[in-house]
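Following: one structure in structure tokens, then a few remarks.
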Amino acid sequence: MLDLVIIGAAAAGSAAAVYAARRNLNFAVVAKDIGGEVALSGEVENWPGTIHTTGVELAQNFHAHMKSYQVQIDNGLEVTGITPTKNYHIVTAQDGNGQEKTYETKSVIIASGIHPRELKIPGERELKGRGVTYCTVCDGPLYRGKTTATVGAGNSALESVLMMSGIASQVYLITKYPDLPEAKGGFPKGEDILINKVKALPNVTVIYNAGTVHIVGTDAVSGLIYEDLASGARTELAVQGVMVHVGPIYLINK
1 MLDLVIIGAA AAGSAAAVYA ARRNLNFAVV AKDIGGEVAL SGEVENWPGT
51 IHTTGVELAQ NFHAHMKSYQ VQIDNGLEVT GITPTKNYHI VTAQDGNGQE
101 KTYETKSVII ASGIHPRELK IPGERELKGR GVTYCTVCDG PLYRGKTTAT
151 VGAGNSALES VLMMSGIASQ VYLITKYPDL PEAKGGFPKG EDILINKVKA
201 LPNVTVIYNA GTVHIVGTDA VSGLIYEDLA SGARTELAVQ GVMVHVGPIY
251 LINK
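Residue numbers (UniProt numbering): 1 to 254.
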């Protein structure tokens with residue numbers, strides 16, 4: 001019987017693991033991967049105490065910190081259920097091959113994080129991995145010298161554009177928000193420092209008040225169609241890569 005199972009190994013899960021280890025609890029960390037969404041970030045400049053790092057480095061530091069306390073990390077497992085009983089909980093997890101593992105524990109901390117939200121438009125799922133990506137850090141370098149579009153408006157979209165501006169020849173940022181201050185319902189929704197950097201980039205074009213309606217391509221992405229939300233007019237852009245950054249789905253709700 002464990003004292004605790006921690007679900008997730010990103011910032012919150014890793015912090016919980018360190019504190020649990022310092023309390024000498026008998027526990028396990030169950031995670032699909034180490035670092036979660038932060039591992040997919042490029043440059044990280046807002047982590048307290050660290051002026052500059054990367055998402056990969058942060059994830060590596062999370063792992064190293066936990067291992068320094070000899071934490072049991074069961075990586076590569078996705079939790080599929082938590083069943084309460086009278087005196088404890090049964091946590092069920094599954095690996096990529098469908099093999100199940102169960103844990104009996106007195107307590108559970110859920111720090112399962114988020115998953116990228118899809119656009120749910122024609123061509124998106126069909127071309128996933130063939131020009132459609134939800135991880136600019138992972139796949140951005142594949143589009144060196146090409147034309148790409150990032151869809152979104154928050155920090156992750158802005159970071160995507162900043163990264164792609166140094167890789168692609170031309171970058172479009174497509175947002176559903178109008179060209180107004182955020183206080184008046186306009187774009188963007190991220191930090192001012194990122195906004196100012198994006199607006200200063202010579203190879204970036206921001207398309208406002210636009211809904212992405214179709215990703216075009218047969219074997220790979222060849223274009224993107226967006227609709228002007230005021231007039232309804234549709235325009236096709238010739239792009240080879242589409243980076244989708246339209247917010248998260250919280251995995252606790254799965």
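Glycine included, every Cβ here is placed at the ideal spot set by N, Cα and C.
| Between the segment 193–200 and the segment 235–246, do three or more beta carbon pairs fall short of 8 Å? | no
| Where DSSP assigns a beta bridge to H89, which residues make up the other side? | In the sequence shown, residue 89 corresponds to position 89, counting from 1. H89 pairs with P84 and T105.
| task | Name the residue from N97, E159, I34 and V5 whose alpha carbon lies nearest to the alpha carbon of I90. | result | Counting from one through the sequence shown, the residue named residue 90 turns up at place 90. The shortest C-alpha separation from I90 is found at V5.
| field | Coarse secondary structure for K146, derived from DSSP in three states | value | As a first step, residue 146 is located in the sequence shown; it is residue number 146 there, counting from the start. Correct three-state label for K146: coil.
| task | Would you grab the beta carbon distance between V132 and V221 for me? Rounded to a whole angstrom, and I think it's under 8 Å. | result | The residue labelled residue 132 in the question sits at position 132 within the sequence shown. The residue labelled residue 221 in the question sits at position 221 within the sequence shown. Between V221 and V132 the Cβ distance is about 6 Å, and since that is below 8 Å, they are a contact.
| task | Starting from the C-beta of Q170, find all residues in its chain whose C-beta is less than 7 Å away, skip the five residues before and the five after it, and write them out in chain order. | result | Counting from 1 along the sequence shown, the entry for residue 170 is found at position 170. The residues are T147 and N203.
| query | Should T83 go down as buried or exposed, given a rule of 16 or more other Cβ atoms within 10 Å for buried? | reply | Working through the sequence shown from its first residue, we reach residue 83 at position 83. It is exposed - the Cβ of T83 has fewer than 16 other Cβ atoms within 10 Å.
| field | Straight-line gap, L77 to L173 (C-alpha atoms, nearest Å) | value | The count along the sequence shown starts at 1 and reaches residue 77 at position 77. The count along the sequence shown starts at 1 and reaches residue 173 at position 173. Looking at the two C-alpha atoms, the distance is approximately 35 Å.
| How would you label A157, buried or exposed, when you count the other beta carbons within 10 angstroms and need 16 or more for buried? | For this step, residue 157 is matched to residue 157 along the sequence shown. Answer is buried; the Cβ neighbour count reaches 16.
| task | Taking A64 as part of the beta strand (DSSP E), name the residues at either end of that continuous run. | result | Reading the sequence shown from its first residue, position 64 is the one you call residue 64. Per DSSP, A64 belongs to no beta strand (DSSP E); it is in the alpha helix (DSSP H), G55 to K67.
| Three-state class that DSSP yields for Y250 in the structure shown | Within the sequence shown, residue 250 is the residue found at index 250, counting from 1. Reduced to three states, the DSSP call for Y250 is strand.
| Among Y143, Q94, A16 and E43, nearest to L25 - alpha-carbon criterion | As a position in the sequence shown, residue 25 is number 25, starting the count at 1. Out of Y143, Q94, A16 and E43, A16 has the C-alpha closest to the C-alpha of L25.
| task | Compare the Cα-Cα distances from H63 to each of A11, T212 and E45 and report the closest residue. | result | Position 63 of the sequence shown, counted from the start, is the residue given in the question as residue 63. Cα-wise, what sits closest to H63 is A11.
| task | Would you list, in sequence order, the uninterrupted beta strand (DSSP E) runs of no fewer than 3 residues that lie entirely inside the segment 124–183? | result | 147–152 and 170–174
| query | Beta-carbon separation of V244 and Y226 under 8 Å? | reply | The residue you call residue 244 lines up with position 244 of the sequence shown. The residue you call residue 226 lines up with position 226 of the sequence shown. In this structure, Y226 does not lie closer than 8 Å to V244 by Cβ.
| request: Could you check which residue in Q94, V44 and Y134 has the C-alpha nearest to that of G119? | output: In the sequence shown, counting from the first residue as 1, residue 119 sits at position 119. In the sequence as displayed, the identity of residue 119 is Leu instead of Gly. Answer by Cα proximity: Y134.
| message | Here's the rule I'm using: 16 or more other beta-carbon atoms within 10 Å means buried, otherwise exposed. How should residue 258 be labelled? | response | Beyond the ends of the chain as shown, which are 1 and 254, falls residue 258; an answer cannot be given.
| request: Counting only the same chain and skipping the five closest in sequence on each side, list residues whose C-beta sits under 8 Å from that of D228. | output: The residue labelled residue 228 in the question sits at position 228 within the sequence shown. Hits under 8 Å: N209, A210, R234 and T235.
| message | Going by C-alpha to C-alpha distance, which of A9, S231 and Y103 sits closest to Y88? | response | Here residue 88 corresponds to residue number 88 of the sequence shown, with the count starting at 1. Of A9, S231 and Y103, the residue nearest in Cα terms is Y103.
| request: Look at the Cβ atom of S7, then the Cβ atom of I114, and state whether they are nearer than 8 Å. | output: By one-based count along the sequence shown, residue 7 stands at place 7. By one-based count along the sequence shown, residue 114 stands at place 114. Checking the displayed sequence, the identity of residue 7 turns out to be Ile instead of Ser. Contact: no.
| task | Could you tell me the boundaries of the beta strand (DSSP E) in which V221 lies? | result | Counting from one through the sequence shown, the residue named residue 221 turns up at place 221. Unbroken beta strand (DSSP E) run through V221: V221 to D228.
| said: Using only the alpha-carbon positions, how far apart do G13 and I109 sit? | reply: Translated into the one-based positions of the sequence shown, residue 13 becomes position 13. Translated into the one-based positions of the sequence shown, residue 109 becomes position 109. Rounded to the nearest angstrom, the two C-alpha atoms are 8 Å apart.
| From D179 to W47, what does the alpha carbon distance come to, in whole angstroms? | Counted from its first residue, the sequence shown places residue 179 at position 179. Counted from its first residue, the sequence shown places residue 47 at position 47. Spanning the two alpha carbons is a distance of roughly 30 Å.
| said: For a test of the three-state rule: what should DSSP assign to R22, helix, strand or coil? | reply: Numbered from 1 along the sequence shown, position 22 holds the residue referred to as residue 22. R22: helix per DSSP, three-state reduction.
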